[in-house]
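To start, the structure itself, in C-alpha coordinates.
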Amino acid sequence: MPASSANLGAGFDTLGMALTLHAEVGAGDAPDGAQAAEGTHPAMVAFRRHGGEGPLWVRSPIPMGRGLGFSGAVRVGGLVAAHAQRHGAEPDALEAAMPELLALATELEGHADNVAASLYGGVVATAAGRAVRVPLHLDPAMVMWVPSFTTSTDHSRGALPDVVPMADAVFNIGRTALFVAAVAAGDVTALRAATEDRLHQSVRLAHAEPSRVALDAALRAGAWA
458 MPASSANLGA GFDTLGMALT LHAEVGAGDA PDGAQAAEGT HPAMVAFRRH
508 GGEGPLWVRS PIPMGRGLGF SGAVRVGGLV AAHAQRHGAE PDALEAAMPE
558 LLALATELEG HADNVAASLY GGVVATAAGR AVRVPLHLDP AMVMWVPSFT
608 TSTDHSRGAL PDVVPMADAV FNIGRTALFV AAVAAGDVTA LRAATEDRLH
658 QSVRLAHAEP SRVALDAALR AGAWA
(Lines of atoms letter the chains of each structure in order from A; the text may use other names.)
(Lines give C-alpha, C1' and ligand atoms only; values in the text may rest on other atoms or scores of the structure.)
Protein backbone atom coordinates (compact mmCIF):
# COMPACT_ATOMS: atom_id res chain seq x y z
CA MET A 458 0.00 0.00 0.00
CA PRO A 459 1.43 3.39 -0.96
CA ALA A 460 2.38 6.19 1.38
CA SER A 461 0.44 9.39 0.85
CA SER A 462 0.56 13.14 1.11
CA ALA A 463 -2.77 14.62 2.14
CA ASN A 464 -4.36 17.98 2.94
CA LEU A 465 -3.07 19.04 -0.46
CA GLY A 466 -3.14 22.82 -0.66
CA ALA A 467 -6.50 24.08 0.54
CA GLY A 468 -8.06 20.61 0.38
CA PHE A 469 -7.98 19.94 4.12
CA ASP A 470 -9.31 16.42 4.86
CA THR A 471 -10.34 16.26 1.19
CA LEU A 472 -7.40 15.89 -1.22
CA GLY A 473 -4.71 13.22 -1.02
CA MET A 474 -2.06 11.78 -3.30
CA ALA A 475 -0.40 8.36 -3.30
CA LEU A 476 3.40 8.25 -3.38
CA THR A 477 5.89 5.72 -4.74
CA LEU A 478 6.86 4.45 -1.28
CA HIS A 479 5.01 1.30 -0.30
CA ALA A 480 4.19 -0.72 2.80
CA GLU A 481 3.58 -4.45 2.46
CA VAL A 482 1.00 -6.13 4.69
CA GLY A 483 0.13 -9.82 4.62
CA ALA A 484 -1.65 -12.51 6.58
CA GLY A 485 0.43 -15.33 8.04
CA ASP A 486 3.80 -15.62 9.72
CA ALA A 487 6.23 -12.76 9.15
CA PRO A 488 8.78 -13.37 6.37
CA ASP A 489 12.37 -12.17 6.57
CA GLY A 490 12.62 -8.41 6.92
CA ALA A 491 9.04 -8.02 8.14
CA GLN A 492 7.65 -7.52 11.62
CA ALA A 493 4.67 -9.16 13.22
CA ALA A 494 1.76 -6.75 13.63
CA GLU A 495 0.29 -7.39 17.04
CA GLY A 496 -2.12 -5.91 19.55
CA THR A 497 -2.88 -2.28 18.81
CA HIS A 498 -0.75 -1.99 15.67
CA PRO A 499 -2.98 -0.08 13.21
CA ALA A 500 -2.64 -2.81 10.58
CA MET A 501 -3.76 -5.49 13.03
CA VAL A 502 -6.67 -3.41 14.34
CA ALA A 503 -7.89 -2.95 10.75
CA PHE A 504 -7.32 -6.62 9.93
CA ARG A 505 -9.41 -7.76 12.89
CA ARG A 506 -12.05 -5.08 12.23
CA HIS A 507 -12.71 -6.63 8.82
CA GLY A 508 -12.81 -10.21 10.08
CA GLY A 509 -9.19 -11.20 9.53
CA GLU A 510 -7.91 -14.18 11.52
CA GLY A 511 -4.47 -15.38 12.55
CA PRO A 512 -1.16 -13.51 12.46
CA LEU A 513 -0.37 -10.48 10.31
CA TRP A 514 2.94 -9.00 9.22
CA VAL A 515 4.11 -5.60 7.99
CA ARG A 516 7.18 -4.57 6.02
CA SER A 517 7.29 -0.79 5.64
CA PRO A 518 9.87 1.87 4.73
CA ILE A 519 7.30 4.62 5.45
CA PRO A 520 8.46 6.69 8.45
CA MET A 521 5.95 6.94 11.29
CA GLY A 522 4.57 10.28 12.44
CA ARG A 523 6.23 12.32 9.72
CA GLY A 524 3.40 13.22 7.40
CA LEU A 525 3.59 10.38 4.87
CA GLY A 526 0.47 8.51 5.89
CA PHE A 527 2.04 5.48 7.60
CA SER A 528 -1.04 4.64 9.67
CA GLY A 529 -3.37 5.10 6.71
CA ALA A 530 -1.27 2.87 4.45
CA VAL A 531 -0.99 -0.01 6.91
CA ARG A 532 -4.65 0.26 7.91
CA VAL A 533 -5.64 -0.08 4.26
CA GLY A 534 -3.18 -2.96 3.99
CA GLY A 535 -4.77 -4.70 6.96
CA LEU A 536 -8.25 -4.31 5.50
CA VAL A 537 -7.17 -5.58 2.07
CA ALA A 538 -5.39 -8.54 3.69
CA ALA A 539 -8.57 -9.44 5.57
CA HIS A 540 -10.60 -9.12 2.38
CA ALA A 541 -8.17 -11.40 0.52
CA GLN A 542 -8.28 -13.94 3.33
CA ARG A 543 -12.07 -14.10 3.17
CA HIS A 544 -12.72 -13.62 -0.54
CA GLY A 545 -9.48 -14.41 -2.37
CA ALA A 546 -7.38 -12.11 -4.53
CA GLU A 547 -9.86 -11.75 -7.41
CA PRO A 548 -9.49 -8.15 -8.71
CA ASP A 549 -13.20 -7.77 -9.49
CA ALA A 550 -14.15 -8.74 -5.93
CA LEU A 551 -11.68 -6.22 -4.52
CA GLU A 552 -12.99 -3.52 -6.84
CA ALA A 553 -16.55 -4.18 -5.70
CA ALA A 554 -15.45 -3.97 -2.06
CA MET A 555 -13.66 -0.64 -2.40
CA PRO A 556 -16.50 1.55 -1.02
CA GLU A 557 -16.79 -0.68 2.05
CA LEU A 558 -13.02 -0.68 2.56
CA LEU A 559 -12.95 3.10 2.26
CA ALA A 560 -15.69 3.45 4.87
CA LEU A 561 -13.88 1.14 7.29
CA ALA A 562 -10.52 2.81 6.73
CA THR A 563 -12.05 6.25 7.26
CA GLU A 564 -13.72 5.08 10.47
CA LEU A 565 -10.39 3.78 11.80
CA GLU A 566 -8.25 6.71 10.62
CA GLY A 567 -10.75 9.46 11.47
CA HIS A 568 -10.48 11.20 8.08
CA ALA A 569 -10.50 9.93 4.51
CA ASP A 570 -7.81 11.78 2.55
CA ASN A 571 -4.77 9.61 3.37
CA VAL A 572 -6.57 6.26 3.32
CA ALA A 573 -8.37 7.07 0.07
CA ALA A 574 -5.06 7.84 -1.62
CA SER A 575 -3.52 4.60 -0.33
CA LEU A 576 -6.56 2.58 -1.38
CA TYR A 577 -7.26 4.07 -4.82
CA GLY A 578 -3.85 5.44 -5.82
CA GLY A 579 -3.12 8.64 -7.72
CA VAL A 580 -4.67 11.96 -6.70
CA VAL A 581 -7.99 11.44 -4.92
CA ALA A 582 -10.77 13.80 -3.85
CA THR A 583 -12.95 12.62 -0.97
CA ALA A 584 -16.22 13.85 0.53
CA ALA A 585 -19.57 12.45 1.66
CA GLY A 586 -18.13 8.96 1.95
CA ARG A 587 -17.05 8.93 -1.69
CA ALA A 588 -13.61 8.93 -3.31
CA VAL A 589 -12.94 9.93 -6.91
CA ARG A 590 -9.57 9.81 -8.65
CA VAL A 591 -8.59 13.09 -10.26
CA PRO A 592 -7.03 12.67 -13.74
CA LEU A 593 -3.35 13.52 -13.39
CA HIS A 594 -2.22 15.32 -16.53
CA LEU A 595 1.10 16.31 -15.02
CA ASP A 596 4.37 14.43 -14.64
CA PRO A 597 5.57 15.77 -11.31
CA ALA A 598 8.70 14.82 -9.42
CA MET A 599 7.72 14.80 -5.77
CA VAL A 600 10.34 16.02 -3.31
CA MET A 601 9.39 15.12 0.24
CA TRP A 602 11.07 16.72 3.24
CA VAL A 603 10.96 14.23 6.11
CA PRO A 604 11.62 15.92 9.47
CA SER A 605 13.79 14.37 12.15
CA PHE A 606 11.01 14.93 14.69
CA THR A 607 7.63 13.23 14.89
CA THR A 608 4.31 15.03 14.92
CA SER A 609 1.11 13.86 16.55
CA THR A 610 -1.82 14.11 14.15
CA ASP A 611 -4.19 14.64 17.07
CA HIS A 612 -2.02 17.47 18.43
CA SER A 613 -1.78 19.15 15.02
CA ARG A 614 -5.51 18.93 14.44
CA GLY A 615 -6.26 20.09 17.97
CA ALA A 616 -4.52 23.40 17.27
CA LEU A 617 -6.96 24.27 14.48
CA PRO A 618 -9.89 26.64 15.14
CA ASP A 619 -13.44 25.32 15.31
CA VAL A 620 -14.85 28.33 13.42
CA VAL A 621 -13.31 30.28 10.53
CA PRO A 622 -14.35 33.52 8.78
CA MET A 623 -16.59 33.23 5.73
CA ALA A 624 -13.91 34.91 3.59
CA ASP A 625 -11.40 32.22 4.51
CA ALA A 626 -13.89 29.45 3.77
CA VAL A 627 -14.63 30.94 0.34
CA PHE A 628 -10.89 31.38 -0.29
CA ASN A 629 -10.28 27.68 0.37
CA ILE A 630 -13.25 26.50 -1.68
CA GLY A 631 -11.92 28.42 -4.66
CA ARG A 632 -8.36 27.15 -4.24
CA THR A 633 -9.53 23.56 -3.85
CA ALA A 634 -11.56 23.75 -7.05
CA LEU A 635 -8.62 25.39 -8.83
CA PHE A 636 -6.26 22.65 -7.66
CA VAL A 637 -8.46 19.86 -9.03
CA ALA A 638 -8.91 21.71 -12.34
CA ALA A 639 -5.18 22.48 -12.62
CA VAL A 640 -4.17 18.86 -12.01
CA ALA A 641 -6.76 17.54 -14.46
CA ALA A 642 -5.80 20.09 -17.12
CA GLY A 643 -2.05 19.84 -16.57
CA ASP A 644 -1.87 23.59 -15.86
CA VAL A 645 1.39 23.99 -13.94
CA THR A 646 1.06 27.78 -13.85
CA ALA A 647 -2.08 27.55 -11.69
CA LEU A 648 -0.65 25.21 -9.08
CA ARG A 649 1.14 27.81 -6.96
CA ALA A 650 -2.06 29.79 -6.38
CA ALA A 651 -4.11 26.58 -6.16
CA THR A 652 -2.15 25.37 -3.13
CA GLU A 653 -2.64 28.52 -1.05
CA ASP A 654 -4.62 27.96 2.14
CA ARG A 655 -6.17 29.88 5.04
CA LEU A 656 -7.53 27.06 7.19
CA HIS A 657 -4.67 24.88 8.38
CA GLN A 658 -1.22 25.51 6.89
CA SER A 659 -0.27 28.63 8.87
CA VAL A 660 -1.46 27.13 12.16
CA ARG A 661 0.47 23.91 11.65
CA LEU A 662 3.62 25.62 10.39
CA ALA A 663 3.61 27.87 13.45
CA HIS A 664 4.27 24.73 15.49
CA ALA A 665 6.87 23.32 13.06
CA GLU A 666 9.40 26.01 12.16
CA PRO A 667 11.74 23.61 10.27
CA SER A 668 8.83 22.64 8.02
CA ARG A 669 8.12 26.30 7.23
CA VAL A 670 11.79 26.90 6.38
CA ALA A 671 11.87 23.82 4.12
CA LEU A 672 8.68 24.91 2.33
CA ASP A 673 9.96 28.44 1.75
CA ALA A 674 13.26 27.07 0.40
CA ALA A 675 11.46 24.74 -2.02
CA LEU A 676 9.30 27.54 -3.41
CA ARG A 677 12.32 29.82 -3.84
CA ALA A 678 14.12 27.01 -5.67
CA GLY A 679 11.32 26.79 -8.24
CA ALA A 680 8.93 24.15 -6.92
CA TRP A 681 5.53 24.27 -8.63
CA ALA A 682 3.76 24.26 -5.28
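According to my numbering, the sequence shown is numbered sequentially starting from 458.
We put the beta carbon where it would ideally sit given N, CA and C, even for glycine.
Can you tell me where the beta strand (DSSP E) holding Pro459 begins and where it ends?
Pro459 to Ala463
Does the segment 538-550 touch the segment 493-511, meaning 3 or more C-beta pairs lie closer than 8 Å?
yes
Our contact map puts Ala480 next to Ala530 with C-beta atoms below 8 Å; I'd like the distance itself, whole angstroms only.
5 Å
Member of Leu465, Glu547, Met555 and Ala484 whose CA lies at the smallest distance from the CA of Leu525:
Leu465
What residues in its chain sit with their C-beta under 6 Å from that of Leu565, if we drop five residues either side in the sequence?
Ala503 and Arg532
Could you tell me the boundaries of the beta strand (DSSP E) in which Ala569 lies?
Run containing Ala569: none; DSSP gives neither H nor E here.
Is the number of C-beta pairs between the segment 603-615 and the segment 655-669 that are closer than 8 Å three or more?
yes
Let's see if you can read the secondary structure: which residues bound the alpha helix (DSSP H) around Ala642?
Met623 to Ala642
Pull up the DSSP beta-bridge partners for Gln658, would you.
Per DSSP, none; premise fails for Gln658.
Starting from Gly473, trace the alpha helix (DSSP H) in both directions and tell me its first and last residue.
No alpha helix (DSSP H) holds Gly473; the beta strand (DSSP E) holding it covers Leu472 to His479.
Compute the distance between the beta-carbons of Thr583 and Thr471, then report whether it is under 9 Å.
yes
Return the bridge partner residues of Ala484 from the DSSP annotation.
Leu513
Distance between Val537 and Pro548 (C-alpha atoms, nearest Å):
11 Å
Have a look at Ala560, Met474, Ser575 and Met458 and flag the residue whose alpha-carbon is nearest the alpha-carbon of Val637.
Met474
Extent of the continuous beta strand (DSSP E) run through Val580
Val580 to Ala584
If you draw a straight line from the alpha carbon of Trp602 to that of Leu476, how long is it in whole angstroms?
13 Å
Using 9 Å as the threshold, is the C-beta distance between Gly534 and Met458 below it?
yes
Give the C-beta separation of Pro449 and Arg523 to the nearest angstrom, bearing in mind that I take them to be a contact with Cβ-Cβ under 8 Å.
Coverage of the chain is limited to positions 458 through 682, which leaves residue 449 absent and any answer about it impossible.
Starting from Arg587, follow the beta strand (DSSP E) in both directions and report where the run begins and ends.
Arg587 to Val591
Have a look at Ala682, Arg649, Ala626 and Ala539 and flag the residue whose alpha-carbon is nearest the alpha-carbon of Ala500.
Ala539
Quickly, what does DSSP pair Gln492 with across the bridge? List them, please.
Val515
In whole angstroms, what separates the C-alpha of Ser462 from that of Leu559?
17 Å
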